[in-house]
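Asks: The sequence shown begins at 154 in our numbering and counts up one residue at a time.
We put the CB at the ideal spot given by N, CA and C, even for glycine.
This is the structure, below, for whatever I ask next.
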Amino acid sequence: MHTGNLTFPIFLQMVGIIVIILEFVIPSAGLLAIIAIASLGYSITLAFRVSDLTGIYFVIADLFLIPICIMIGSKLLAKSPLTLRKTLDKKDGVVSQDMELVKLIGKQGTVVNDLRPAGRAEIDGQSFDVVSTGDYIEKGEEVIVSEVDGNRIVVKPIKK
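See the structure below:
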């Protein structure tokens, strides 16, 4: 390269900056990031061959441009079809655990059909699908709700 010619280093800088932004939009498993780092690194190397001051200018420019590209890329990522646009939460009516079922903890009921270990039990006048803690529980036995995990009601027999 001819000393004083900055056309190719500037071109490599632009390629590196554009590829950084593309890394956020195109799934590449980091390949584009490697290309961007190589492009920017080689650009800086060529700039230092022109002069030390030119190389320092390129480094300073990269210190400002790379964070700006990351911010732009992050904004583009938010608009990308590859990004989950909506999170499900309580205000949208999505809960991982039914709060009405949590109120059953500690309540007693009667087994409607044999629990082996799953079956049905009547608790507070309502019939629920329940599972035992692993024990076989016969129809008619008294049980107590020991835990609720999601929509799974776990019962254990009441010792008499």
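Locate the alpha helix (DSSP H) running through P310, then write down its first and last residues.
Replies: Here residue 310 refers to the residue found at position 157 when the sequence shown is read from its first residue. No alpha helix (DSSP H) contains P310, which is instead part of the beta strand (DSSP E) from R305 to P310.
Asks: Considering Cα atoms alone, identify which of I163, F217, T207 and I170 is closest to I190.
Replies: The sequence position of residue 190 within the sequence shown is 37, counting from 1. For the residues I163, F217, T207 and I170, the minimum Cα distance to I190 belongs to I170.
Asks: From L159, I297, E275 and V178, pick the residue whose C-alpha is nearest to that of L206; which is it?
Replies: Translated into the one-based positions of the sequence shown, residue 206 becomes position 53. It is L159.
Asks: Provide the residue span of the alpha helix (DSSP H) that contains I219, from first to last.
Replies: Against the sequence shown, residue 219 aligns to sequence position 66. Per DSSP, I219 belongs to the alpha helix (DSSP H) from D205 to K232.
Asks: Within this structure, are the beta carbons of A271 and V283 separated by less than 9 Å?
Replies: Counting from 1 along the sequence shown, the entry for residue 271 is found at position 118. Counting from 1 along the sequence shown, the entry for residue 283 is found at position 130. For A271 and V283, yes; Cβs fall inside 9 Å.
Asks: Span of the beta strand (DSSP E) holding E295?
Replies: Translated into the one-based positions of the sequence shown, residue 295 becomes position 142. Note, E295: beta strand (DSSP E), E295 to D302.
Asks: Are there 16 or more other CB atoms within 10 angstroms of the CB of P162, so buried, or fewer, so exposed?
Replies: Here residue 162 refers to the residue found at position 9 when the sequence shown is read from its first residue. Classification of P162: buried, given that the 10 Å Cβ count is 16 or more.
Asks: Hey, L165 and S196 are a contact pair by Cβ (cut 8 Å); roughly how many whole angstroms apart?
Replies: Here the question's residue 165 lines up with position 12 in the sequence shown. Here the question's residue 196 lines up with position 43 in the sequence shown. Confirmed, Cβ separation roughly 4 Å.
Asks: What is the DSSP secondary structure of T263, counted as helix, strand or coil?
Replies: In the sequence shown, the residue the question calls residue 263 occupies position 110. It is a strand residue.
Asks: Distance check for T198 and I209, CA to CA, integer angstroms please.
Replies: In the sequence shown, the residue the question calls residue 209 occupies position 56. In the sequence shown, the residue the question calls residue 198 occupies position 45. Those two C-alpha atoms are separated by around 10 Å.
Asks: For G293, count neighbouring C-beta atoms within 10 Å of its own C-beta (all shown protein chains included) and say buried if the count is 16 or more, exposed if not.
Replies: Here the question's residue 293 lines up with position 140 in the sequence shown. Exposed, since its Cβ has fewer than 16 Cβ neighbours within 10 Å.
Asks: Is it the case that the Cβ atoms of G262 and F281 are separated by a distance below 9 Å?
Replies: As a position in the sequence shown, residue 262 is number 109, starting the count at 1. As a position in the sequence shown, residue 281 is number 128, starting the count at 1. Against a cut-off of 9 Å, the Cβ pair of F281 and G262 comes out as a contact.
Asks: Expressed to the nearest angstrom, what Euclidean distance is found between the alpha-carbon atoms of R273 and G259?
Replies: What you label residue 273 is simply residue 120 of the sequence shown in a count that begins at 1. What you label residue 259 is simply residue 106 of the sequence shown in a count that begins at 1. Approximately 17 Å between the Cα atoms of the pair.
Asks: Assign V298 to one of two classes, buried (16 or more other C-beta atoms within 10 Å of its C-beta) or exposed (fewer than that).
Replies: For the purposes of this step, residue 298 is taken as the residue at position 145 of the sequence shown. Buried, because 16 or more other Cβ atoms sit within 10 Å of the Cβ of V298.
Asks: In angstroms, rounded to a whole number, what distance separates the CA positions of G285 and V307?
Replies: In the sequence shown, residue 285 corresponds to position 132, counting from 1. In the sequence shown, residue 307 corresponds to position 154, counting from 1. According to the sequence as given, residue 285 is Ser; it is not Gly. Cα-Cα distance, rounded: 6 Å.
Asks: Determine the extent of the beta strand (DSSP E) in which I276 is found, giving its start and end residues.
Replies: Position 123 of the sequence shown, counting from 1, holds the residue named residue 276. From DSSP, the beta strand (DSSP E) with I276 extends over A271 to I276.
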